[in-house]
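In our numbering, the protein residues as written are 28 to 305. Glycine included, each C-beta is placed from N, C-alpha and C at the ideal position. Every value quoted in this text rests on a predicted model; they were computed, and no experiment measured them. Since the structure comes first, as structure tokens, the remarks are kept for the end.
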């Protein structure tokens, strides 16, 4: 297994860690060096390799793609990602391809993101669809701790089942914690028959969302009025915005397919991303 470390003269903000299962996490840390940002830690994990992406938006904005190097998620897999964003730096993480949790006859697997943001930093997480096939049993955790004047923007699409199959078991926990406490703490239990309950997913199989914390995005333009025939054709897919008690917003869309949900969330996510970068 390869391990890459970018030399740094500063204290490593991410000490070497190993999961209880023995899985090495993918670890990324960025810091400010003068008037530019740089990667201080860039460690390949067992499942994912971080690859810097050229064409940054500015000297303090770094982009990195997470490239899969092993088949995943299989039963027993433990995919872990650890991020540290230094003061004044923006880190944008891209998932170029979606992830599938395969049929494992109910054997549990895990995917987790643990991010820490220093004062005045920003994290943009552009997630690809996360598909939970029938027979999979996944625990998914996203935890972000951010300091004063920091901003967070997350995009994720959860898909229960591949085309023509029912979805597996998924429990997704999202916790965004700022200087004054939790901005968002959500425990979404989509195991058993719960996902079909009224007020959860119902007959939908896709949940797409964009989540902003640390600032409240501007209101977007009103949605265009669609004809009844078009609404029936799209199964009345629409995105709904929810305001957090702390500064932040969540945009959600339920749909029968990922592309329908993405069509509703993607424009607003792009606008929020532009706001954050400004």
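Top-ranked residue by Cα proximity to residue i, from the options
i, options, result
"residue 198", "190, 166, 62", "166"
"residue 147", "163, 179, 68", "179"
"residue 82", "91, 75, 170", "91"
"residue 56", "113, 80, 105, 95", "113"
"residue 284", "228, 270, 276, 172", "228"
"residue 58", "108, 150, 97", "150"
"residue 154", "193, 269, 297", "297"
"residue 68", "100, 109, 219, 265", "109"
"residue 136", "117, 87, 102", "102"
"residue 125", "141, 164, 78, 186", "186"
"residue 60", "116, 120, 205", "116"
"residue 97", "121, 246, 74, 305", "74"
"residue 292", "234, 89, 201", "234"
"residue 105", "241, 164, 203, 304", "164"
"residue 213", "245, 265, 271", "271"
"residue 111", "182, 304, 53", "53"
"residue 273", "243, 290, 282", "243"
"residue 141", "127, 170, 177, 152", "170"
"residue 230", "215, 246, 281, 245", "281"
"residue 127", "121, 190, 245, 290", "190"
"residue 286", "305, 269, 265, 303", "265"
"residue 156", "132, 304, 122", "122"
Distance between beta carbons of residue j and residue i, contact taken as under 8 Å
i, j, result
"residue 210", "residue 168", "At roughly 16 Å, the Cβ-Cβ gap does not stay under 8 Å, so residue 210 and residue 168 are not in contact."
"residue 93", "residue 129", "At roughly 19 Å, the Cβ-Cβ gap does not stay under 8 Å, so residue 93 and residue 129 are not in contact."
"residue 64", "residue 79", "Contact flag wrong, Cβ pair sits at about 11 Å."
"residue 184", "residue 288", "6 Å"
"residue 177", "residue 241", "5 Å"
Residues near residue i by beta carbon distance below 6 Å, same chain, minus five either side
i, result
"residue 145", "113, 114, 174"
"residue 207", "none"
"residue 279", "236, 267"
"residue 217", "197"
"residue 239", "180, 275, 276, 299"
"residue 294", "none"
"residue 172", "143, 204"
"residue 76", "94, 96"
"residue 182", "153, 154, 237, 296"
Sequence-distant residues of its chain with Cβ nearer than 8 Å to residue i (five each side left out)
i, result
"residue 301", "none"
"residue 188", "158, 159, 160, 161, 194, 195, 232"
"residue 89", "57, 64, 65, 66, 79, 83, 116, 117, 118, 119"
Chain B contact for residue i (CB, 8 Å cutoff)
i, result
"residue 245", "Although the question refers to chain B, the structure presented lacks it and comprises just one protein chain."
Cut-off 7 Å between Cβ atoms - residues of its own chain near residue i, not counting five sequence neighbours on either side
i, result
"residue 256", "Its pLDDT being 49, under 50, residue 256 is placed unreliably in this model, and the coordinates cannot settle the point."
"residue 134", "102, 103, 164"
"residue 50", "73, 105, 107"
"residue 245", "302"
"residue 62", "86"
One or two residues paired with residue i in a DSSP bridge
i, result
"residue 132", "None, per the DSSP bridge assignment."
"residue 74", "According to DSSP, residue 74 bridges with nothing at all."
"residue 79", "91"
"residue 108", "53, 140"
"residue 275", "240"
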